[in-house]
Amino acid sequence: MIPELGHYALVLALALALIQSWSPAMGARKGDLALMKLADSTALAQFAFVAVAFAALTYCYVTSDFSVANVYENSHSQMPLIYKFTSVWGNHEGSMLLWVLILALFGALVAWFGVNLPATLKANVLAVQSWVASAFYLFILLTSNPFRRLAELPAEGRDLNPILQDFGLAVHPPMLYLGYVGFSMAFSFAVAALIEGHIDAAWARWVRPWTLLAWICLTLGIAMGSYWAYYELGWGGWWFWDPVENASLMPWLAGTALLHSAVVMEKRNSLKVWTILLAILTFSLSLIGTFLVRSGVLTSVHTFSNDPARGLFILVILMVFIGGSLALFAWRAPRLKQGGLFAPISRESALVFNNLFLATACATVFVGTLYPLLLEALTGDKISVGPPFFNLTFGPLFVPLLVAVPFGPLLAWKRGDLYGVAQRLLVACAVAMLGLATTFAFEGTKAVLAPFGIGLAFFVMAGAITDMVERIDLRSLSIETIGRRAAGLPRSAWGTTVAHFALGVTLLGIVCGTTWSSERIVALKPTQTVSLSGYDLSFDGMVTKEGSNYRETAAHFTVRTGGTVIGVMEPSKRVFPSRDGMSTTEAALLTRGVSQLYLSLGDSNADGSIALRLYYKPFVLLIWLGAVVMALGGALSLSDRRLRIGAPRPAARVMPQPAE
Amino acid sequence: MTRKQRRLILIGSSLGVLAIAVALVLGSLRESIVFFNSPTDIAENKTAPGKRVRLGGLVKTGSVERGDNLQIHFKVTDGNKDIPVNYRGIVPDLFREGQGVIAEGHIEPGGTFVADTVLAKHDENYMPREVVEALKKQGHWQETAAPNPARLRQSAK
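Here you go:
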């Protein structure tokens, strides 16, 4: 009964979405306010119905209703309750349901909060949002129905893929999808603006919070995914330049560029056409990301088995939306009036510089990710493009961008003074040189790039706070003055400072983690000791534990440094009988400040020894800490009063409102 | 500065950055492409020794031998030819006899494949697409070969 209810709710959501695809757009065209207003109710109702469908599936999982095929294949009655909730989206069908739930949520948010949006713009935005929604409802109902019943009731479920039985699944996919799908707002606003044929600074002021929200979620989602892969896959790496990872990085790069170009549009009414194009491209890259993950066309370490028919369906959706929106762009964009002028040395130009490098870096990732597909289609050769490609192309393009980061916020709008800014950055430069020299003194020529990387990271961090240090008058040494000034500054300015500073933190983590990470792979018998980077780990013996739906064999280690015990580590292997004895490796982590010791188990050998992989990762936590702080910077900026209240209706240009 | 000059600077610098990016892409793409080979391809000497390649197929049943010092030897087969593989280190959880595998490394002049990476998969039923095609070519792939067809259908990130 409950699964059928969920199924019907989804069908009704599709029906509503189809209505919403037409009525508001027609209303906006004819100036019929009633037709336009209809979209508000349908958007809210759509969300309600998708929420019912999602709740129905969740109910089936929590009550372990194995008559539903999806639950049978991905759940187990003995699984801990939290995984029963998370396994709702730990599979293809459920994750697509989560996708449309978030899409419907954003639609409902526009309907609810967009009270002072111009009526026609709001109507068009909701219509475009509904086109996307209809396509994905159809996709779910036709190819991946999560509510399909089995003819016979199985006694027990097949269990969730053990790798996914982790807290990471609770956070990573929802955050990632909030990011991917959140960019649909920017897309809908862009397409609506193209349909209307005009665009102004108020438009950018509307789009920016939505983009920022999506960007925050995507940043956290990527960081969480990276940390999850780091501790769960047992290889000690945090980024593999794998197609599925690149699929999430591309929208992030484009979205970051969009955030910055929207600033120019809002403040200076310039870069309009480019901002529209970026909004379309960002969401297109999100769709491509969904396609790459869902279709399995690229071999990836993160791929799960897939059905090619679904890939084809998503490919069609992809072509219709990307092709359609780009065609609309080509047709209507020339009508948009170009905005103000600016000098080559100005804040605007700095932001163009940012966009240029971010977009180019994004393009190189795109080429590296999709080249294997293209080559196979053309020549039949099967290839893979490895990490060296990305390091050699992405790296050099990011260096000038990072050097420019501290300059941007210090330059004035319209006409900046590069020499003056360089003078203000002298302290930051000195800090960078100090970092470079210290690293060089310690390391010599062993790691050539490390001193420069560290110097650059210090430059970005010190440069980011330069402006704030001056504006809050830190040197006055009066707490009262500092406090008063700090509180008086707009939160968006603080957001910029925090996010740019965090970029430096992440860079520092990446440079230190890659340069000074040390690794040992050994086979060890009980009572033996292994040492790495000043830490001694003695193997005390094996422990067996019974988990709820698995058996765990853990190796107990005592960690000492200089003779003092600082902790224990228990890396383990879990065997899941319900999955034909599939096993997972649970790495043990010992955090020392922001550095980590990482220990993971391999196979047991005949002579009683066990294979071990031990890493020491200095400063590695800075990578994710930086990402979290970056998202925090975004949140600060989002909480800015100016954005929260939204753009006031332009007084001069009153929208022609038809009489009711 | 006139509007024209400003626009020229913008377009010029954009093209400059793009040109650099294209040069970087073309320069490094040649270095970092790794070709995928089936055991038959390698047995027929399509690959030069020492060149970095990916080898994909099934781990031949009964071929896995563990040596000292974390050495592991196994054979990768596509049903037609077998290639012996040497690897030192820890193999992924889903490395098993009879399962699909992708090894990355190079071929020694003697015909042994020395792998430095053995790729992990997240799902016991997932078979890399290249491996499926290599097996199909040799006529050793049956859609029903999986333990339970219902389970072939699933799973997500």
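Chains D and P, in that order, give the protein sequences. All residue numbers for the first sequence refer to our numbering, where the first residue is -4 and numbers rise by one. All residue numbers for the second sequence refer to our numbering, where the first residue is 94 and numbers rise by one. Note that beta-carbon positions come from the ideal geometry of N, C-alpha and C, so glycine has one too. If you're wondering where the values come from, they're calculated on a predicted model, not measured in any experiment.
- Chain-ordered, the chain P residues with CB closer than 9 Å to the CB of D:G597 read L163, G182, I183, V184.
- Contact note: D:S70 does not reach chain P at a C-beta cutoff of 9 Å; the least C-beta distance is about 11 Å.
- With 16 or more other Cβ atoms inside 10 Å of its own Cβ, P:F188 counts as buried.
- The straight-line gap separating the alpha-carbon atoms of P:E223 and D:W230 is approximately 23 Å.
- When Cβ-Cβ separations below 9 Å define contact, D:R555 makes no contact with chain P.
- Listed in chain order, the beta strand (DSSP E) elements of length 3 or more contained wholly in the segment 556 to 636 of chain D are 559 to 564, 567 to 571, 577 to 581, 583 to 587, 590 to 599, 605 to 612.
- Neighbours of P:L148 across chain D, judged by C-beta separation under 7 Å, do not exist; the nearest C-beta is about 12 Å away.
- By the Cβ-count criterion, D:W326 is exposed, with fewer than 16 other Cβ atoms from all chains shown falling within 10 Å of its own Cβ.
- Close partners of P:I102 in chain D (Cβ separation under 7 Å): P339.
- Secondary-structure assignment with DSSP links P:P177 through a beta bridge to P:K168.
- Here D:L406 is near D:R342, since their CB atoms are less than 9 Å apart.
- A contact between stretches requires three or more CB pairs, one per stretch, nearer than 8 Å, and the segment 352 to 359 of chain D meets this requirement with the segment 385 to 394 of chain D.
- Within its own chain, the residues whose Cβ lies closer than 6 Å to the Cβ of D:G499, once the five positions on either side in sequence are excluded, are A452, V455, M456, listed in chain order.
- The three-state reading of DSSP puts D:T277 in helix, counting H, G and I together.
- Take D:M245, set aside five residues on each side of it, and the residues of its chain with a beta-carbon closer than 8 Å to its own are L280, I283, G284, C357, V360, F361, T364, in chain order.
- The Cβ atoms of P:T205 and P:P185 lie no closer than 9 Å to each other.
- The three-state reading of DSSP puts D:F534 in strand, counting E and B together.
- The C-alpha of D:A12 lies about 23 Å from the C-alpha of D:R289.
- Excluding sequence positions up to five before and after D:A99, its CB lies within less than 6 Å of the CB of Q41, F42, V45, all in the same chain and listed in chain order.
- Each of D:A34, D:L33, D:W84 was checked against the Cα of D:L52, and the nearest Cα belongs to D:W84.
- For D:H193, the three-state secondary structure derived from DSSP is coil.
- Secondary structure at D:H71: coil, using DSSP grouped into helix, strand and coil.
- Nearest to D:A122 by C-alpha distance, out of D:T58, D:T37, D:G89, is D:T37.
- At a cut-off of 9 Å, the C-beta of P:V194 has no neighbouring C-beta in chain D.
- Between the segment 135 to 142 of chain P and the segment 110 to 123 of chain P there are fewer than three C-beta pairs closer than 8 Å, too few to call the two in contact.
- When only Cα atoms are considered, D:L413 and P:S106 end up about 18 Å apart.
- Taken atom to atom, the span from the alpha-carbon of D:I449 to that of D:I505 is near 10 Å.
- The beta carbon of D:L208 is closer than 7 Å to those of G177, L633 in its chain, skipping five residues each way along the sequence.
- Going by DSSP, P:G193 is part of no alpha helix (DSSP H) but of the beta strand (DSSP E) stretching over 193 to 200.
- If you draw a 10 Å sphere on the C-beta of D:A425, you find fewer than 16 other C-beta atoms in it, and that means exposed.
- A direct Cα-Cα distance of roughly 23 Å separates D:I474 from D:A423.
- Of the other Cβ atoms in all chains shown, 16 or more fall within 10 Å of the Cβ of D:R203; this residue is therefore buried.
- Pairwise C-beta distances place the segment 65 to 79 of chain D in contact with the segment 148 to 165 of chain D, as three or more of them are shorter than 8 Å.
- Around D:H255, the same chain offers L346, N349, N350 as residues with beta carbons nearer than 7 Å, after the five sequence neighbours per side are excluded.
- Each residue's CA atom was taken as its position, placing D:A488 and D:I467 some 12 Å apart.
- In this structure, D:S320 lies near D:F182, with their beta-carbon atoms less than 9 Å apart.
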